[in-house]
Amino acid sequence: NWHLKENAREHHTSKFSSDELIVRRGQAFTLTFSGTEQPEQNLIFIAETGPKPSKAAKTHATFGISSEVSKEGWSAVRQSSSSNSVSISISSPPNAVIGRYRLGVQSGSASPASLGTFVLLFNPWSSGDDVFMSNNAECEEYVLEEFGIIFAGNKNHISSFGWNFGQFQGDILNICLAMMDRSLYYRQDPVTDTSHRHDPRYLGRVLSAMVNANDDQGVVLGNWSGKYEDGKNPSSWTGSGEILQSWKKSGFKPVRYGQCWVFAAVLTTVLRCLGIPTRTITNFSSAHDADGNLRVDEFYDASGNHLERGADSIWNFHVWNESWFARSDLGASYSGWQILDATPQEQSGGIYQCGPASRRAIKEGEVDLDYDCPFVFAEVNADCMYWNYDAATGKKTLIFSKSTDIGQSISTKAVGRDNRVDVTSDYKYEEGSTKERDIFKKARKKLGLEDKFDPTAPTPQEVDQKPDIAGKFKVAGSLEIGKDLNLLLVLVNLQSEPKTAHINMTAWSTLYTRKPVHEIWKDSMSVTLSPKEEKQFPIKIKYTDYQQRLTTDKTIQVTALCHVEGGIQVLVQRDITLDNPEINIQVLGEAKVNKEVDVEVVFTNPIDTEVKDCVLQVEGSDLLRGILELRIPPLKANEKSRTKFKLIPSEAGPKHLLVNFSCDKFADIKTFKMVKV
2 NWHLKENARE HHTSKFSSDE LIVRRGQAFT LTFSGTEQPE QNLIFIAETG
52 PKPSKAAKTH ATFGISSEVS KEGWSAVRQS SSSNSVSISI SSPPNAVIGR
102 YRLGVQSGSA SPASLGTFVL LFNPWSSGDD VFMSNNAECE EYVLEEFGII
152 FAGNKNHISS FGWNFGQFQG DILNICLAMM DRSLYYRQDP VTDTSHRHDP
202 RYLGRVLSAM VNANDDQGVV LGNWSGKYED GKNPSSWTGS GEILQSWKKS
252 GFKPVRYGQC WVFAAVLTTV LRCLGIPTRT ITNFSSAHDA DGNLRVDEFY
302 DASGNHLERG ADSIWNFHVW NESWFARSDL GASYSGWQIL DATPQEQSGG
352 IYQCGPASRR AIKEGEVDLD YDCPFVFAEV NADCMYWNYD AATGKKTLIF
402 SKSTDIGQSI STKAVGRDNR VDVTSDYKYE EGSTKERDIF KKARKKLGLE
452 DKFDPTAPTP QEVDQKPDIA GKFKVAGSLE IGKDLNLLLV LVNLQSEPKT
502 AHINMTAWST LYTRKPVHEI WKDSMSVTLS PKEEKQFPIK IKYTDYQQRL
552 TTDKTIQVTA LCHVEGGIQV LVQRDITLDN PEINIQVLGE AKVNKEVDVE
602 VVFTNPIDTE VKDCVLQVEG SDLLRGILEL RIPPLKANEK SRTKFKLIPS
652 EAGPKHLLVN FSCDKFADIK TFKMVKV
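Note that my numbering has the sequence shown beginning at 2, numbered continuously upward.
Laid out in C-alpha cells, this is it:
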C-alpha cells in the first residue's frame, strides 16, 4: 500500500492528479506491506533512476531496515507491524537526484522484486534542500499557486493579464519529466545529465534552453515578425497547459508561436511542477545589448523614422523568471532569487539558454560570476545612445545619450494577492545616485570596457553638448482602441534668445520590442519659440488611420525630430500602448465543489461599425477541464453581447477564471475573475 493520499498530504503534492506516488526529497514517506511472512530485518530496498543507475552517480541506492533515518543517504525505518503486515518509512537525502524512480525489494538471496515507480521532487519545505524557502506563504505562492499575473504595456502605462500555469493539471508532470530527457545535455550524455539533476542551478539552466525551440526542438518557437498565420498569435494564449499538451501531442514538435511572456510562463509552470519556487518578472524599457558593451544604440533618419540598424534594441517590456535556490558555487550571499530567461535572445555556451544569474550579483555589478550576468546586467542598466543616421553618407551623429532610461518599474505579482510589487531596488541602486554609477563603472571595468578604445562610442564632446530646446509628448484623452488618439507635443526654449526649429514627425505601429511594422502618420512643421517660451502643438491620429495597421501588441511609437537652426538636433519620442475595451465576468450564484454554476461574460462593441468572427475562450484550473471555446454572433455598433456557460469546480478555495475575447477588430481582450469555491 503506497498510502497515496496520506503521503501526498505530508509532501504538499495533493494537487497532482495521479495514481503514482509523488513525494519530495529529504522527507519520509510510508509504505505498508501485507501478507509478509518474512522477518523484515533482512529486507533490502533498491531505489534507482535514469539509464545505467550507479552508486557513484547517486542514481542507485540500496538500503536495509535501520533503527534511525540516515543523515547522508537513503534509509528505511520500521514504523509498526502486526502478524501479517509491516509499515516502513522510507527517506531520501535532501540532495537526491529528482525524477522518476523504480523501487524494488530483495529478501535474503532471492532475486529482487519490483514494487513499482514513484516520482521524487525538490522540497522547498525542507531546510536541508537547496530550494528551501522559510516563508510558508511564499512556498504556497511560488510552488503551489496555479494562477499568475504577468505585467506588460510600457513604463508610462503598465497593464497586466492573468495566466493559468496549471502545473498540477493532467499530464503536465510527465511532460516536464520528458522535457528533461529531450535536452541536448541528456542526448549527449544521459548518465552524467541524470546525475546532475539534484542541482536546481543545473536544471534551471537546462530547462531555460528546453522551453525555447532553438537548438533542441524545445517547447515554443519564438516569432517577432508580426505575422503568425501558420500558428497561434503569441498574445492569444492564456495558460501553459495547452502549449505543453500540444508539444507532447505533436510528437514534441515546437509549438508556434511564443514571445517573452510565453517562454517565461511555461518555464514557471515547469519549475513549479518540479518543486523549484519560481515567479515571472517584467522589466520595463529592457535593453537587448547584442554586442556586450553595456550600451544600446538606436538610429533615426532625418524624418524621425526609427531605423532597424544594428542588433541592439530596447523593448517596451521583457519578461523573465526568478527561481529561489542556494548558490554554493558563489557563496551564501549570492543565494536566494536567481534570474533565468528562456527567451532566445543571445547564445550562452553555444546554446540559447540564460542563467541562473544571482540577483545580488546583478545589483552589485559582479558581472564576472556565473551565469550570463553581463547580459542581464545590461537588460536593467545599459546606457542608451540615440543617433541620427544618414544612409547616403553612412555618417552617424549623436543626438543624445541617457543613462537612466533602461530598467524601470521591475514588477512581479504579490504573494497571496493580485497586486503588483515593484522590485527595481533589488536589481539596482537608485537611478542617478553615485552608488549606481560606481557599480556601472565597476561592471564596465570587469568586462574590460574601461580600458579599450571603442571607435563606435560617442566622443566626450558629443556626450556633453547641450540642446537649445527640450520636448515631450503628452497624452490628451483616452488611450482606448476604437477612439482617436490625441497627443500634445510640448516644446520649451531653454535659451534666452529666440529659436527656430524644423520638426519632422512620424507615428509607426510597432511590436512590444519596438520593432517598427507600419507607418501610420507623418507630418512636419516649422516653429519659432521666444526666449524661455513653452508651446503646445496638438496632434490627432484618427482611429481610421491606425485601425488596419495596429499590431496585436497595440503599440504606437510617436517621434518628433527637431532640427534646430544653429544648434544640435533634439529627439522627442513616446511609446504608446493602447487599451482594449472592457469585458466583464459575473458568477451567477455560489460556486460549490462538483455543483454546476452559471457564469456570464458581457462585452459591448464600443465602435460604430459591426464586429464579426467573435470568439470567447475560457480556462481556469479546478474550475473547468481544458479550454472552453464559444463562438458569438456578430455585434452591431454599440451592441452588447451576453454569453452564458457553466462551470463545475473540482476543488474548494480561491480559483481564477481567465477569459479571452477576440473578433475581427479587437484581438485578445483578456480579463480574469477570482471565484471563491
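In this text, a Cβ means the ideal position worked out from N, Cα and C, and glycines have one as well.
With H, G and I counted as helix, E and B as strand and the rest as coil, what does DSSP make of residue i?
i, result
"Gly-163", "strand"
"Cys-355", "coil"
"Gly-205", "helix"
"Ser-135", "coil"
"Asp-391", "strand"
"Leu-486", "strand"
"Pro-235", "helix"
"Val-368", "coil"
"Ala-668", "coil"
"Val-192", "helix"
"Tyr-258", "strand"
"Tyr-229", "coil"
"Val-616", "strand"
Could you tell me the boundaries of the alpha helix (DSSP H) in which residue i lies?
i, result
"Asp-427", "425-428"
"Asp-465", "461-465"
"Gly-242", "241-250"
"Val-263", "261-275"
"Phe-378", "374-382"
"Thr-545", "544-547"
"Glu-148", "According to the sequence shown, residue 148 is Phe rather than Glu. Segment 148-155 is the beta strand (DSSP E) holding Phe-148; no alpha helix (DSSP H) there."
"Glu-7", "5-11"
"Lys-555", "It is not in any alpha helix (DSSP H) - Lys-555 carries neither H nor E in the DSSP assignment."
"Glu-323", "Here Glu-323 belongs to no alpha helix (DSSP H); instead the beta strand (DSSP E) covers 314-326."
"Glu-437", "435-447"
If I'm right that residue i touches residue j with Cβ under 8 Å, what's the distance once you round it to whole angstroms?
i, j, result
"Asn-317", "Phe-285", "7 Å"
"Gly-227", "Val-518", "5 Å"
"Thr-239", "Gln-558", "Not confirmed; about 27 Å, so no contact."
"Thr-644", "Asn-234", "Not really, about 21 Å apart at Cβ, beyond 8 Å."
"Ala-383", "Asp-290", "5 Å"
"Asp-524", "Lys-447", "47 Å between Cβ atoms; not a contact."
"Phe-17", "Ile-91", "About 19 Å separates the two Cβ atoms, so there is no contact after all."
"Tyr-353", "Asn-213", "6 Å"
Start and end of the beta strand (DSSP E) containing residue i?
i, result
"Ile-363", "Here Ile-363 belongs to no beta strand (DSSP E); instead the alpha helix (DSSP H) covers 360-364."
"Thr-644", "641-648"
"Thr-398", "396-403"
"Gln-189", "Unbroken run through Gln-189 is the alpha helix (DSSP H), 185-189; no beta strand (DSSP E)."
"Ile-521", "517-530"
"Thr-279", "279-289"
"Arg-575", "571-578"
"Asp-599", "598-605"
"Glu-299", "296-301"
Could you say which of the options lies nearest to residue i if we only look at CA atoms?
i, options, result
"Arg-198", "Leu-268, Asp-216, Tyr-353 and Gly-100", "Gly-100"
"Val-207", "Trp-126, Leu-341, Lys-641 and Trp-3", "Leu-341"
"Thr-529", "Lys-523, Ile-521, Trp-522 and Phe-538", "Phe-538"
"Asn-43", "Gly-65, Arg-26 and Ala-29", "Gly-65"
"Ser-35", "Pro-54, Asn-137 and Asn-2", "Asn-2"
"Val-588", "Lys-656, Lys-536 and Ile-628", "Lys-656"
"Asp-302", "Asn-595, Ala-392 and Arg-360", "Ala-392"
"Ser-15", "Leu-659, Lys-647, Glu-630 and Asp-623", "Asp-623"
"Val-98", "Val-660, Leu-178, Leu-116 and Gln-260", "Leu-178"
"Ser-161", "Asp-599, Lys-677, Val-678 and Ile-670", "Ile-670"
"Glu-520", "Ser-314, Thr-556 and Gln-28", "Thr-556"
"Pro-52", "Phe-376, Ser-314 and Pro-191", "Pro-191"
"Leu-579", "Val-476, Glu-652 and Cys-374", "Val-476"
"Lys-536", "Pro-582, Gln-549, Ala-502 and Arg-515", "Ala-502"
"Leu-104", "Pro-54, Tyr-229, Asn-215 and Gly-171", "Pro-54"
"Val-660", "Glu-611, Glu-630 and Gly-109", "Glu-630"
"Ser-83", "Thr-33, Gln-107 and Pro-278", "Thr-33"
Does any C-beta atom of chain D lie closer than 8 Å to the C-beta of residue i?
i, result
"Tyr-186", "The chain inventory of the structure shown lacks chain D, comprising one protein chain alone."
inquiry  = Check whether the stretch 471-483 and the stretch 408-421 touch, using three or more Cβ-Cβ pairs below 8 Å as the test.
reply    = No, the stretch 471-483 does not touch the stretch 408-421.
ask   = Counting Cβ pairs, one atom from each stretch, are 3 or more of them under 8 Å apart for the stretch 506-514 and the stretch 298-316?
value = The stretch 506-514, when compared against the stretch 298-316, does touch it at the 8 Å Cβ threshold.
request  = Could you tell me whether the stretch 568-577 touches the stretch 466-473, using the rule of 3 or more Cβ pairs below 8 Å?
outcome  = The stretch 568-577, when compared against the stretch 466-473, does touch it at the 8 Å Cβ threshold.
query = Okay, do the stretch 646-665 and the stretch 620-636 touch, 3+ Cβ pairs below 8 Å being the bar?
reply = Output reads yes: the stretch 620-636 touches the stretch 646-665.
ask   = Is there contact here, the stretch 146-165 with the stretch 182-191, by at least three beta-carbon pairs under 8 Å?
value = Not touching, per the Cβ criterion.
Cβ pair count under 8 Å reaching 3, the stretch 200-217 against the stretch 323-333 = Yes, the stretch 200-217 is in contact with the stretch 323-333.
message = Between the stretch 450-466 and the stretch 492-502, can you find at least three pairs of beta-carbon atoms closer than 8 Å?
response = Cβ pair count under 8 Å is below three, so no.
query = Are three or more beta carbon pairs between the stretch 386-402 and the stretch 347-367 nearer than 8 Å?
reply = No contact exists between the stretch 386-402 and the stretch 347-367.
query = Counting Cβ pairs closer than 8 Å, one from the stretch 157-177 and one from the stretch 423-443, do we hit at least three?
reply = Per the Cβ contact rule, the stretch 157-177 is not in contact with the stretch 423-443 (fewer than 3 Cβ pairs under 8 Å).
request  = May I ask you to verify whether the stretch 69-78 touches the stretch 7-14, counting CB pairs closer than 8 Å and requiring at least 3?
outcome  = The stretch 69-78 is not in contact with the stretch 7-14.
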